Every structure is written in structure tokens, then in C-alpha cells.
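Step one of this worksheet: look at the structure below.
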Ligand SMILES: Nc1ncnc2c1ncn2[C@@H]1O[C@H](COP(=O)(O)OP(=O)(O)O)[C@@H](O)[C@H]1O
Ligand SMILES: [Mg+2]
């Protein structure tokens, strides 16, 4: 049985490699991940970049390194060249008794202020421990906008699993190869699992790659995989149903696209609805998956909450499965 | 090997039956033919026997397995060649066969050897999507032999193939017969039925009209026929008449006496003519 499932999987991968649309589906998340990384470079960066002189006092350099990303240069000329490059870098060089702050002029105001403040604090010898304020943190360590984009990308990738399955089913239907499989010892369950593996594994791998590209390699991978696999199940069911219901590739793609609606709705609901109204989204498994991923990506997730979310996804998926199962069985025979 | 009792099938699950209350048995080692025109219900019957269509009504056992129960392992002993070829266009001929072979639990034949057997040598590494219809059909046919089936289902095995290739396919089937393979073969081609089948069932409108060996059928129904061409009103007229029929005999002497005879041949009836006589309809 296992051997046969593997065969179905390997054959599907082979076909996928030779199918343009399938390749596109596989590479879209990776391209999008690159796009997010390229076009939102500042999103990940809350630190300020400073350029200092190597000849500066070690105490100054050390102090600055605690609060900013510090680059060191040989002389004033190199420092100025660096400042004039495109990104926001503020140079601080010793001058007389004090310091001189060198700006290109177009830097973000916050960056300017922050650098100046930081230098002043050094000059008066202040440390974080000197503060009289109590510190209250929400624990967010990753900027929310980028997390949101990457989370959306993960949702999309999960959906692509369904698209891959639908595509592969439509092709099997068009070529009538399902009938040929139905007169072998391969069981229908084996067929379904083998096909699911293709969509599931391909999109899991895509998610992992996308998270690495976008700089989320520090997340709890076990949680990522757990939420990924559970939310994938629904996508797979939808893929099977749509694949069996559609007569060609275009129709299947259109049908699968229809589930963008509840997904988009769930994301918008999660991001925009106030806590009081969040319950209105509880019906949607995509909501729970998105919620779990949001916490995982912003590194605030704990196991009980993640398990609750995946549990909800599973229960809702199971409900869909029982509605869809007769359709899938019938469609495959 | 196959036992069918009172099998009926309706696609719309109503009174219109694609197969209507048919019964027959196929013995071990026998090649059993279903001969009938397009739409007679041949493929429907084969699809029920191979489990592709759900058994609705009737008692059917195939290779000792009751079709009412699910036994996927029975397919280790069964080979199926489809009327419409169905192979993976994105895979090469050889990849198609290799993939399929892995789905069986029994020893399978060498894909290269089978590809050569159906005359596709040199095309092993060509994707099936680039094949002509006939080539795909041959690949589908070759695939049905992968698991050395004891029971072989052949739906229109030579239809749409050019005569030379059809002859190759016939030779392969004969070869398998010698090895003792039991075959269920459907065709609307009387020559195929005549040449390959031990017994033939005439099927039309979902009903079996008779079952017998081609030889018996010819003995029983194949009364001697005479084709006569004669000239009447400056035109050539052709008639086929039976030498054993009183009315026809009179007609023959009438023609011989009254007209100028061009040609006159006696011949044995073909299966098609017998089919027409039994069912009242032709094979197309
Ligand atoms: N999938 C189907 N749905 C509905 N009717 C069908 C289907 N397949 C075949 N039929 C009908 O069943 C009858 C028998 O068809 P079939 O078994 O394919 O005939 P044959 O193989 O002898 O040419 C025909 O009237 C045909 O139109
Ligand atoms: Mg047919």
C-alpha cells in the first residue's frame, strides 16, 4: 500500500515538473516571498544603522552597539561616502570635545532623532537601568505589517495545495487515467492519499522556503508544520471536490479561486474586527489558521492557543469532509 | 472465469436499460466475444465486469470474486484494455508502463519488451502526449498485459488501427490464447469475432440474442448463399439468395431463365449476415 501511494506521489511530481501551470503554482509563493523581502526592506528593521570611526573611543562604540547596528570605517571620507548611499545611515564622528552628526539630509526623521538622542544619552552617561518608568511589553518582536503579508502568503500557499490537486485530478479526468488506476490493486484511499501528498508536501516545502526567504527562520517550526498540515487538509478536500466537479483546467482554477473569498474574508475579519466582534469569524477554519500563524510568526504563540486553533481548524474541516466525502467517492469511481 | 446471471444496467437508474437481463458464462482459457453494433451495450458490460461501473442488478462473479464485494486484489490477475486509450500524456511510453507496473503485487513484464511487441520500439522515451491516436491505443493495449493477466478484457482491441497493426494485435491475442489466457473481447467487427473468438454472443439493444461458436453459427444459420448479377433494363442488378429457401430457389430459376447473367457465385454466410438474420439489424 505504502509503496503504491509513493508511486502515485512520484508520478504526480513528475507530471507537475512538466506542466507549466503546475510549475507556476509551485513557484508563485517563492516569488512572492522574494517580492515581500525586496519591496518591504524596512519592515523588518526597527534598528537604526550608525556609521562610526574605528578610531572612536571603544566605550562609545560599545554603547552604540547596544542600541543600534554599527558599521565601522577608517576615516571621515569613508564615513561620508557611506552616509551618501541610498539607505538611512547616520554617521557620528568625534569633533573637538563632543561629536558631530553627519546626515545625508533625506533620512527618516525618527532615525535622525533617535541617533541624536542616543548620542546625547551616551554623553550624559545614561543606561536603560536608570529609567524611572516601569516596562510593559506586548511581546511583539516582529513588525506587524510584514507578519501580515507573510501570513497572507502562507494562507495562499496552503490554498495552492488544493489548486495542484484540482489540476492533477482534472488532467486525470481528461485523460481518463483514473479508470486505468481503478482496475489495479491500488485502492481509492491509496489514490487519494498519494495525490494529497503531492499537494501537501509541495506547499509545505513552499511555506518553509518562503519563511526562510522573508526572514522568519526563527519561528517555532513544529507549530508552523502543525498548523500548515491541518489547514492543508481543508485545501486538499476543496481541491478534490473542485477537480472532480470541473471539466477543464481553467474551470478548476476558477472554482478553486472561489475559496479566496472566505480566506480573504477571514483575514480581513481577523485584522480589522475589534475583539468584541471576532466571534463572528469563528465559523471559518481559515480564520483559526490565520490566527495561529499570526501568533507563530510574531513569536507570541504558546502551545495551548496553537492547539486550540488547530483543533478548531480540524473540527471545521471534518464537517466539510463529511459533506464532501460522498461526492469525492462518487467522482473517483 | 466469469459468470453473469440476469445482469441489467441503467445509466439513468430508470427503465431505459443499456444492458437488459443478460446471462452468460466464460470458461477458463476461452476467448469469449461480444459482437454487436455501436451502442449495443458491450462496453457497459465490460465496465461492470471490471468494476468501473457499479453492479446494479444481477449476480456476477469474475475470477471467482463476487462483484457485490470489493476485492481490489483481484486486479492482480486481470488486465484491461480500454476502447478509448487512456495514458498519461506527460509521461513517456516507458514511464507510463513502469508506473503502472508498480501498482501490482505480482511479477510484471518488461516495459521495453511490451512496447516493442506492439510495434512502438524506438518510441520508449517519447511522451505519450505526442503519440497519434493509434499509438496511444497500442500503448493502452500493451499496458493491459503488464501483470500477465489470467483474465483479459479487450474492448474493441483493433478498432481505429490500420490493417497491418490490427494484424499484429490479433497475433498477440492469439499468442496469449495459446498460453491459456481467458479473454472477454468486445467488437463490432465480425472478422475479429470470427477469427479470434471461441464463442460469440450477439448483443443488440442491451440484450443477448444468442451465444454459440462461430462454426456452429455458420452451420446452423449460414445456409449456402448465391450472389447473382444480371442485366435488367440495361442496368446491372445484384441479388443474394439462399439455396435452401423455397422462395429463393424459385427466384434463382426465374432470374436464370429471364435475364442475361453476368456473374454468379456461391458463398458461405459471414457472421455479419448471420447477425442480420438473427437480429434484423446490421453491425454498424
Ligand atoms: N456514461 C453513459 N451515460 C449514459 N448513457 C451511456 C453512457 N455510456 C453509454 N451509454 C449508453 O448506453 C448504451 C450502450 O453503450 P455502450 O455500452 O458504450 O455500447 P457499445 O460499447 O456496445 O458501443 C448506449 O445507448 C449509450 O448511449
Ligand atoms: Mg463500446
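Chains as they are written, first to last, in the working numbering: chain A, 1 to 333; chain B, 334 to 617.
Where a beta carbon is used, it is the ideal one built from N, C-alpha and C, also for glycine.
Note that this is a predicted model, so its numbers are computed, not measured.
With a contact defined as Cβ atoms closer than 8 Å, residue 474 of chain B and residue 376 of chain B miss out at about 15 Å.
Neighbours of residue 438 of chain B in chain A, taken as residues whose beta carbon is under 7 Å from its own, are 185 in chain order. Annotated as proximal: residue 543 of chain B and residue 611 of chain B, with beta-carbon spacing under 9 Å. Using a cutoff of 8 Å, the CB of residue 538 of chain B does not count as near ligand 2, since none of the ligand's heavy atoms is closer than that.
Close to residue 177 of chain A, with beta-carbon spacing below 8 Å, are these residues of chain B in chain order: 419, 420 and 421.
Scanning A/257, A/322 and A/233 for the CA closest to the CA of residue 289 of chain A turns up A/233. Shown here, residue 94 of chain A sits in a strand according to DSSP, grouped into three states.
Taking a 10 Å sphere around the C-beta of residue 1 of chain A, we find fewer than 16 other C-beta atoms and assign the residue as exposed. These are the residues, in chain order, with a beta carbon less than 5 Å from any non-hydrogen atom of ligand 1: B/344, B/351, B/371, B/372, B/373, B/374, B/375, B/376 and B/377. Using beta-carbon distances, residue 406 of chain B counts as an interface residue toward chain A, with a partner under 9 Å. Residue 536 of chain B is positioned such that its CB atom lies no closer than 9 Å to that of residue 349 of chain B.
The continuous beta strand (DSSP E) containing residue 412 of chain B extends over residues 411 to 414. The closest heavy atom of ligand 2 lies less than 8 Å from the beta carbon of residue 519 of chain B. Against chain A, the beta carbon of residue 424 of chain B has neighbours under 8 Å at 11, 14 and 15, listed in chain order. In the DSSP annotation of this structure, the continuous segment of the beta strand (DSSP E) that includes residue 390 of chain B starts and ends at 390 to 395. Closer than 7 Å at the C-beta level to chain B, one finds no residue of the stretch 227 to 260 of chain A. By the Cβ test, the stretch 185 to 201 of chain A is in contact with the stretch 4 to 11 of chain A, since at least three Cβ pairs between them sit closer than 8 Å.
The CB of residue 435 of chain B comes closer than 8 Å to the CB of 3, 4 and 7 in chain A, given here in chain order. Beta-bridge partners of residue 355 of chain B (DSSP): B/340. Less than 9 Å divides the Cβ of residue 198 of chain A from the Cβ of residue 165 of chain A.
Here residue 540 of chain B is bridged, per DSSP, to B/537. Residue 254 of chain A and residue 239 of chain A have their C-alpha atoms roughly 12 Å apart. With respect to residue 514 of chain B, residue 482 of chain B sits close: the two C-beta atoms are nearer than 9 Å.
Taking 9 Å as the cut-off, the beta carbon of residue 73 of chain A is found closer than this to the beta carbon of residue 82 of chain A. At a C-beta separation below 7 Å, residue 481 of chain B has no neighbours in chain A, since its nearest C-beta there lies roughly 14 Å away. When beta bridges are read from the DSSP output, residue 599 of chain B appears opposite B/559.
One finds 423 in chain B with Cβ atoms closer than 7 Å to the Cβ of residue 18 of chain A, taken in chain order. Annotated three-state conformation of residue 217 of chain A is coil, per DSSP.
Residues of chain A whose Cβ lies closer than 7 Å to the Cβ of residue 411 of chain B are, in chain order, 183. Within chain A, the residues whose beta carbon sits less than 8 Å from that of residue 384 of chain B are 182 and 183, listed in sequence order.
Below the 9 Å Cβ cutoff, chain A contributes 7, 8, 10, 11 and 14 as neighbours of residue 432 of chain B, in chain order. The beta-carbon distance between residue 479 of chain B and residue 430 of chain B, rounded to whole angstroms, is 6 Å. This is short enough to meet the 8 Å contact definition. The contact set of residue 415 of chain B on chain A, defined by CB atoms closer than 8 Å, consists of 176, 179 and 180 in chain order.
Beta bridge pairing from DSSP links residue 329 of chain A with no other residue. Exclusion of residue 358 of chain B from the 8 Å shell around ligand 2 follows from its C-beta lying no nearer than that to any non-hydrogen atom of the ligand.
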